[in-house]
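Colleague: Residue numbers (UniProt numbering): 1 to 834.
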């Protein structure tokens with residue numbers, strides 16, 4: 001059911017959801033997937049559609065019922081899922097027409113009976129009711145009447161006017177249409193107590209509908225009437241309607257920046273209603289309303305964000321319709337204080353926007369470094385105590401989906417201005433811990449390829465142990481083939497972009513040809529070429545694999561090799577027209593004369609006995625090749641007929657100056673500069689290369705994860721922890737959190753048992769420990785400096801208060817006793833005219 005048809009973006013289950021009459025197949029798929037499966041909640045990775053939206057497309061009430069009845073606990077989540085900012089009910093209203101009137105009406109009833117909210121809007125603020133009122137056909141009237149009398153429509157002045165203009169004969173739930181308008185106006189100028197009394201009086205006259213309650217709640221939140229909100233929410237309603245109203249009220253509080261009502265709502269929402277709190281992306285809405293120039297302490301939207309983040313139920317990585325988090329908008333609008341607050345609460349640094357631009361690439365490196373310094377802390381013990389430990393928090397690097405956890409670090413490594421942060425203890429320790437856990441994969445790959453490399457060489461050039469070496473070479477070849485097939489199948493786009501993959505494919509092809517033709521007669525030329533390619537490519541691959549072992553200094557040496565080679569090719573390509581010009585010039589001068597043999601005449605040629613064609617310029621390709629060889633210093637000037645013309649001397653001297661002297665020294669200087677730069681930042685380049693290698697392997701493991709879960713259960717590798725502990729006085733031992741076997745809450749204090757720690761086999765790099773200690777010392781100095789400044793300010797204030805008290809006491813002592821009465825000029829007099 002998770003299989004996709006050829007050329008189709010949908011799985012078999014998704015195709016069944018959007019096909020009428022497939023309710024039995026849908027039920028069978030859900031039952032086969034199991035109760036813990038999220039098949040009904042999982043969005044299509046290509047179209048981003050949920051199964052509930054696909055079922056709406058079928059216009060089959062039985063398909064919808066099969067989805068919604070599969071898990072009663074998921075009903076509220078299913079009917080609130082949004083595709084392109086639209087719920088299933090909204091999409092249904094867009095599909096309605098005269099042709100599907102009956103089936104559409106039944107689907108609407110199913111959705112409303114299962115808690116669908118008819119008042120939600122799309123990304124443009126248009127409600128489902130407004131979509132229904134886009135025409136005045138008779139079939140729309142029946143839909144409208146059912147919705148109105150269900151009591152779930154949130155009527156306001158604007159919507160009431162649209163209904164009256166479109167269908168004047170439809171009576172609204174409050175028939176005269178004046179009660180809500182009067183209450184809405186009175187709420188603005190009345191006190192809360194007076195309005196509550198007025199509301200109770202109206203409630204005694206006639207029952208106030210749920211739609212009126214929702215509309216009045218909107219007005220109360222807008223005007224900041226906390227007591228009115230409390231009174232309105234006292235109305236009796238079923239639990240699902242109450243939760244729906246509370247969620248909508250949270251959104252309106254964030255929209256208007258009402259802190260007291262937001263705080264009260266969070267206190268009164270059930271503790272286990274996590275989905276309700278995160279139903280809408282409240283943090284992104286608040287971030288977009290914060291003014292970058294506003295005072296942090298006075299901004300009501302920022303205060304709302306603080307209150308939300310104090311609640312542990314709020315998901316700091318919740319995305320909006322554009323798949324952007326609050327941190328995305330904070331970085332986009334330059335809200336540094338918001339970024340610091342979100343990072344402190346664990347916002348993920350590895351997100352990407354709609355154009356696949358990395359979030360961490362746009363962050364201020366200074367702000368990011370300041371936050372990373374706060375992620376380093378200790379247990380408060382003395383640094384000399386044996387139980388002293390350093391805590392490194394990784395919560396900002398934990399992917400919400402547990403996929404591609406190295407993404408933010410790799411993105412950081414690709415930025416020249418932020419690359420230095422790779423040496424920060426938090427990031428360097430993440431890379432090291434990842435490497436310690438995945439190192440066996442690299443060593444296993446290296447050992448297998450080493451066996452292939454040596455066995456293949458032995459099979460080609462030695463006759464003894466030929467069959468043994470052939471068997472090992474074939475096994476190694478099979479392993480490499482399977483490895484490349486898996487990589488290409490899991491990540492085809494990334495596979496095509498890597499040059500190393502092309503080398504591996506050429507190695508496999510040439511090795512197969514070489515082994516196939518080695519035991520046959522004929523095709524000797526093809527076999528020789530294939531064997532040469534196989535040996536050279538396997539040597540290159542073996543060198544690249546050695547460079548993936550970060551513990552060896554060869555990793556940095558490989559970086560030097562790649563950098564020097566790349567810059568050499570770029571520089572040589574720039575000056576290649578000069579070499580080509582000299583090569584053609586030598587060909588033009590010496591193509592007819594050739595290289596002179598021994599002669600008694602006066603020239604600078606030596607006796608050669610036999611003419612070497614390579615020393616001649618009689619062919620253009622040999623002329624160009626010899627020019628390149630002469631560039632390396634092999635001039636062989638004795639073989640040149642320089643005395644035949646003055647232009648020969650001039651051309652040779654010009655070549656001698658520009659190519660072997662200037663150009664060669666220029667290239668050597670660039671290489672020396674590159675090597676010195678890499679050696680100065682050898683630690684940084686080692687961490688950078690380690691991050692790239694781990695990310696490449698982790699992407700393959702994450703791609704295998706679903707296959708592993710399907711067949712074996714569990715996970716192929718451990719995910720990143722929230723933190724680790726380092727014990728410097730115990731040999732830099734690394735302690736990582738371990739999942740508790742007993743998660744029962746204690747009756748006495750209602751707390752969970754403390755999370756246990758387990759020690760890793762390997763230890764932390766001493767350089768990382770030293771850097772972490774330096775940061776802790778710097779943090780403590782900053783705290784001491786801040787405390788000292790605060791104490792100085794308090795001391796100065798106390799001194800000023802004492803001086804003012806002395807001054808007031810002195811003045812009071814010098815005031816005459818009668819001066820305590822009012823002067824006669826200010827005393828009231830009966831003779832004074834008024």
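Ideal Cβ placement from N, Cα and C applies to all residues, glycine included.
For residue 126, which option in 32, 86, 164 has the closest C-alpha, if you only look at C-alpha atoms?
Modeller: Residue 126 has its Cα closest to that of 86, out of 32, 86, 164.
Colleague: Cβ atoms of residue 348 and residue 287: under 8 Å apart, would you say?
Modeller: Result no, Cβ atoms of residue 287 and residue 348 do not sit closer than 8 Å.
Colleague: Taking the alpha carbon of residue 360 as the point to measure from, which residue in 155, 417, 291, 775 has its own alpha carbon closest?
Modeller: Of the listed residues, the one whose Cα sits closest to residue 360 is 417.
Colleague: Within the same chain, show all residues whose beta-carbon is closer than 8 Å to that of residue 539, passing over the 5 residues directly before and after it, in chain order.
Modeller: Correct list, in chain order: 453.
Colleague: Does the distance from the C-beta atom of residue 458 to that of residue 515 stay below 8 Å?
Modeller: No. Outside cutoff.
Colleague: Residue 126 by DSSP, collapsed to three states: which one?
Modeller: Three-state result, residue 126: coil.
Colleague: Short of 6 Å in beta carbon distance, which residues of its chain neighbour residue 257, apart from the five on each side in sequence? Order them along the chain.
Modeller: The answer, listed in chain order, is 300, 301, 304.
Colleague: Which class does residue 393 belong to by DSSP, given the choice of helix, strand or coil?
Modeller: Strand at residue 393.
Colleague: Does DSSP classify residue 820 as helix, strand or coil?
Modeller: Summary for residue 820: the model assigns pLDDT 45, below 50, so the residue's position carries little reliability; its value from the coordinates is reported in the next sentence. Residue state, collapsed to three classes: helix.
Colleague: Could you compute how far the alpha carbon of residue 595 sits from the alpha carbon of residue 616?
Modeller: Any answer about residue 595 is weak, because its pLDDT of 46 lies below 50 and its placement is not dependable; what the coordinates show is given next. Going by the C-alpha atoms only, they are around 6 Å apart.
Colleague: What whole-angstrom Cβ distance do residue 692 and residue 410 have, given they're in contact under 8 Å?
Modeller: With 8 Å as the limit, residue 692 and residue 410 qualify as a contact, their Cβ atoms being about 6 Å apart.
Colleague: Output the boundary residues of the alpha helix (DSSP H) element that contains residue 205.
Modeller: Counting along the chain, the alpha helix (DSSP H) containing residue 205 begins and ends at 192-205.
Colleague: Give the DSSP bridge partners of residue 727, in chain order.
Modeller: Looking at the DSSP assignment, residue 727 forms a beta bridge with 733.
Colleague: Give the single residue among 683, 573, 212, 433 whose Cα lies nearest to the Cα of residue 557.
Modeller: Of the candidates 683, 573, 212, 433, the one whose C-alpha sits nearest the C-alpha of residue 557 is 683.
Colleague: Does residue 632 come out as helix, strand or coil in the three-state DSSP assignment?
Modeller: Coil at residue 632, not helix or strand.
Colleague: Could you tell me how far apart the beta carbons of residue 153 and residue 118 are, in whole angstroms, since I believe they sit closer than 8 Å?
Modeller: 6 Å between Cβ atoms; contact.
Colleague: Determine the direct distance from the alpha carbon of residue 103 to that of residue 80, and round the result to whole angstroms.
Modeller: Going by the C-alpha atoms only, they are around 21 Å apart.
Colleague: Could you name each continuous alpha helix (DSSP H) segment of 4 residues or more that falls completely within the region 243-327, going from the start of the chain to the end?
Modeller: As far as the region 243-327 is concerned, its whole alpha helix (DSSP H) runs of at least 4 residues are 259-268, 274-277, 282-289, 300-310.
Colleague: In the structure shown, what three-state DSSP assignment does residue 40 receive?
Modeller: Here residue 40 sits in coil by DSSP.
Colleague: Taking buried to mean at least 16 other C-beta atoms within 10 Å of its own C-beta, is residue 331 buried or exposed?
Modeller: The residue in question, residue 331, is buried, as its Cβ has 16 or more Cβ neighbours within 10 Å.
Colleague: Identify, in the order they occur along the chain, each residue of the same chain with its Cβ nearer than 7 Å to the Cβ of residue 389, setting aside the five sequence neighbours on each side.
Modeller: Excluding residues within five positions, the ones whose Cβ falls inside 7 Å are 378, 379, 725, 726, 727.
Colleague: Terminal residues of the continuous alpha helix (DSSP H) containing residue 497?
Modeller: Counting along the chain, the alpha helix (DSSP H) containing residue 497 begins and ends at 492-497.
Colleague: Hey, could you find the ends of the alpha helix (DSSP H) residue 65 is sitting in?
Modeller: Its alpha helix (DSSP H) spans residues 61-68.
Colleague: From residue 339 to residue 293, what distance separates their C-alpha atoms?
Modeller: Near 15 Å, if we compare the C-alpha coordinates of residue 293 and residue 339.
Colleague: My understanding is that residue 631 touches residue 579, with C-beta atoms under 8 Å, so please give their C-beta distance in whole angstroms.
Modeller: That belief holds up - the Cβ atoms of residue 631 and residue 579 are roughly 7 Å apart, short of 8 Å.
Colleague: If you count every other CB in all the chains shown that lies within 10 Å of the CB of residue 801, and 16 or more means buried, which is it?
Modeller: Exposed: under 16 other Cβ atoms inside 10 Å.
Colleague: Leaving out the 5 sequence neighbours to the left and right, which residues in its chain are closer than 6 Å to residue 825 when beta-carbon positions are compared?
Modeller: Confidence at residue 825 is low in this model, with a pLDDT of 43, below 50, so the placement of that residue is unreliable and no value is reported for it.
Colleague: Return the bridge partner residues of residue 378 from the DSSP annotation.
Modeller: Partner(s): 390.
Colleague: Are there three or more Cβ pairs, one per stretch, closer than 8 Å when the region 362-372 is compared with the region 659-673?
Modeller: No, the region 362-372 does not touch the region 659-673.
Colleague: Relative to the C-alpha of residue 60, which candidate in 222, 16, 421 has its C-alpha closest?
Modeller: Of the candidates 222, 16, 421, the one whose C-alpha sits nearest the C-alpha of residue 60 is 16.
Colleague: Return helix, strand or coil for residue 83, following the three-state DSSP convention.
Modeller: Strand, per DSSP.
Colleague: Using a Cβ-Cβ cutoff of less than 7 Å, which residues in the same chain neighbour residue 26 once the five nearest sequence positions on both sides are dropped?
Modeller: If we look at residue 26 and ignore the five residues flanking it on each side, its Cβ neighbours are 16, 17, 63, 66, 67.
Colleague: I'd like to know if the region 160-171 and the region 224-238 are in contact, where contact means that at least 3 CB-CB pairs between them fall below 8 Å.
Modeller: No, because fewer than three Cβ pairs between the region 160-171 and the region 224-238 fall closer than 8 Å, the two stretches do not touch.
Colleague: Around the C-beta of residue 807, are 16 or more other C-beta atoms found within 10 angstroms, so that it is buried, or is it exposed?
Modeller: Exposed.
Colleague: Determine the direct distance from the alpha carbon of residue 405 to that of residue 478, and round the result to whole angstroms.
Modeller: Each residue's alpha carbon lies about 30 Å from the other.
Colleague: For residue 424, does the count of other Cβ atoms within 10 angstroms reach 16, so buried, or fall short, so exposed?
Modeller: Looking at its Cβ environment, which holds 16 or more other Cβ atoms inside 10 Å, residue 424 is buried.
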